[in-house]
Each structure stands twice: as C-alpha cells, then as structure tokens.
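Enquirer:
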Amino acid sequence: MRAPSHPDSWSRAEGGRRVSPSAERNIDPIGAVLARVLPARGRVLELASGSGQHIAAYARRWPGLVWQPSDANPENLASITAWGAGLDNLCPPLVLDACAPGWGVVQGGQDAICLNNLLHLIAAPEAEVLLAEVAHALAPGGVFCLYGPFRRDGRLVTEGDVAFDARLKASDPGIGYKEIGWVAAQLAAAGLEPVERVEMPAGNLMLVARRPAAG
Ligand SMILES: C[S@@+](CC[C@H](N)C(=O)[O-])C[C@H]1O[C@@H](n2cnc3c(N)ncnc32)[C@H](O)[C@@H]1O
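152 is the number of the first residue of the sequence shown in our numbering; add one for each residue after it.
The following block contains the structure:
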C-alpha cells in the first residue's frame, strides 16, 4: 500500500475532529448528487473517509441508511469516530486498504459505495484493483459515487490542478490525475453501468455508476 496519509489535507483539528477545508466546501455539492442516487434504505460503505466529515454529514442527513466509514490509515479512525459521535446509523470505522485485492468479497452486499479524492493519489494498477473491488462489493442495483479531480482528454482543468498533478508526479511518477475516460472504461469493464457524470465546483467531477439489478 502506498503511504496513505495526505498531510496537506488537514488545516486544523477541533478536539478529536480533524477539519479539511476542502471537505467542508464540497459536502453540499456532493450531497446534492447523492440525493438523486442513494436508496432510501440499505448499507453505504465509504472508502478513504479521511477526517470523517463527509460520512458524518451524510449519515445525519440520511438516517434510513447505515453508513460504514473506512480508511487505510489507522490514524484517521479517531477523527472519523469523533465526527460520528451520537449517530446511531454510523458504524465504527474500519481499516480498509481499497487497493488490496479481495476486500470487495469481504464487504459484499453494499447498496452504495462512496469515494472522494483518492484516485489521483494512487497508481493506475492500484486504481484498477480498487474499481474492480468496488464492483464486487456492490449489491445488484447498488451505486458507486466517485468524486475528485480528473484529466479530461489529457487536459487538466485549472492552474491549481496543473501544479498539484506536477507535485504528485514529482513525489511519485506513478501517481497523479487519472483520465476520466479511462476510469469510465474501468468501471464498464468491471460490469458497472454509467448513471451520471456531473461537473462539480473547482473543476472536479462526480461519476455515478450502477451494478445492474440482475448482475
Ligand atoms: C485526500 S484524502 C481524502 C479524504 C476524504 N475522502 C476527503 O475527500 O476529504 C485521501 C485519503 O485516502 C486515504 N487512503 C490513501 N490510500 C488509501 C487506500 N489504499 N485505501 C483507502 N484509503 C486510502 C488516506 O488515508 C486519506 O484519508
């Protein structure tokens, strides 16, 4: 597994709760897409939960769903737990390396899986494994909601994207922004059907894909 933490993400901590300003900003835009695609009841797994801000906000907003946070970095679990205090529909966080083959069977039967801001931090072969495992973990009819920055036809959207992608590649030439068409092709190869591709603030994208109901 690649070094899991992303030290620039946290700007402050409030008690045990780490605060990521970008997560604060994008909770509502991501939530607007989730509102269209989440089922009323069922199980939702979040990969790479980070601080725990997203999943705590969504568990509060959708009490009919049972939310399972996870992250590869055990150091994030305390913050996730702190954000989730008092939420009966938020499970204790799991240590889960989303790039490790096999987790999709162990975590099978998910009605939805959410992933925000990880694919650009891992290498393409790791992303391939992750996307295939997502398909294994989804129940028939289950949805995958993928948010983050991407390349579009080779291009990066903002100057900030160009600088960040260059920084990532300088730290590890194998990582960096993934081409959105490549990601869509991986999802299709894993048997998932496209549902939505949504333009998000700050040049980000959200892809929603579904495991066929009969698949
Ligand atoms: C940029 S942060 C995003 C956190 C959160 N999803 C958000 O959008 O605010 C990336 C997160 O991915 C986690 N991570 C890195 N590699 C991972 C892996 N292989 N499996 C699961 N989580 C991983 C890191 O520990 C970190 O919490």
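Each residue gets a CB set at the ideal place from its N, CA and C atoms; glycine is no exception. Fair warning: this is a prediction, and the values are worked out from it, not measured in the lab.
#1: Rounded to the nearest angstrom, what separates G325 and P172 at their Cα positions?
#2: Note down the Cα distance separating H287 from S322, rounded to an integer number of angstroms.
#3: Which of the three DSSP states, helix, strand or coil, is assigned to Q258?
#4: Where does D222 sit, in a helix, a strand or coil, going by DSSP?
#5: Using 10 angstroms around the beta-carbon of A210, count the other beta-carbons present and answer buried if the total reaches 16, otherwise exposed.
#6: Taking 6 Å as the cut-off, is the C-beta of D222 nearer than that to any heavy atom in ligand 1?
#7: Cβ of A360 within 7 Å of Cβ of F295?
#8: Around the Cβ of R176, are there at least 16 other Cβ atoms within 10 angstroms (buried) or fewer (exposed)?
#9: Apart from the five residues on each side of it in sequence, which residues of its chain come closer than 8 Å, Cβ to Cβ, to K320?
#10: Just to confirm the assignment, what range does the beta strand (DSSP E) spanning R348 have?
#11: I'd like to check one pair, G332 with A290: are the Cβ atoms closer than 7 Å?
Expert: On the basis of the coordinates in this document:
#1: As a working mapping, residue 325 is identified with position 174 in the sequence shown. As a working mapping, residue 172 is identified with position 21 in the sequence shown. Roughly 27 Å between the two C-alpha positions.
#2: Your numbering for residue 287 matches position 136 in the sequence shown. Your numbering for residue 322 matches position 171 in the sequence shown. The alpha-carbon atoms of H287 and S322 are separated by roughly 31 Å.
#3: Indexing the sequence shown from 1 puts residue 258 at position 107. It is coil, neither helix nor strand.
#4: On the sequence shown, position 71 is the one that residue 222 refers to. Looking at D222 - three-state DSSP - the assignment turns out to be strand.
#5: What you label residue 210 is simply residue 59 of the sequence shown in a count that begins at 1. By the 10 Å Cβ count, A210 comes out buried.
#6: Counting from 1 along the sequence shown, the entry for residue 222 is found at position 71. Yes, Cβ of D222 sits closer than 6 Å to a heavy atom of ligand 1.
#7: On the sequence shown, residue 360 is found 209 positions in, with the first residue counted as 1. On the sequence shown, residue 295 is found 144 positions in, with the first residue counted as 1. Yes.
#8: Here residue 176 refers to the residue found at position 25 of the sequence shown. Classification for R176: exposed.
#9: Reading the sequence shown from its first residue, position 169 is the one you call residue 320. Cβ within range, chain order: I326 and G327.
#10: One-based indexing of the sequence shown puts residue 348 at position 197. Counting along the chain, the beta strand (DSSP E) containing R348 begins and ends at E344 to E350.
#11: Locating residue 290 in the sequence shown gives position 139, where the first residue counts as 1. Locating residue 332 in the sequence shown gives position 181, where the first residue counts as 1. Cβ distance not < 7 Å, so A290 and G332 don't count as in contact.
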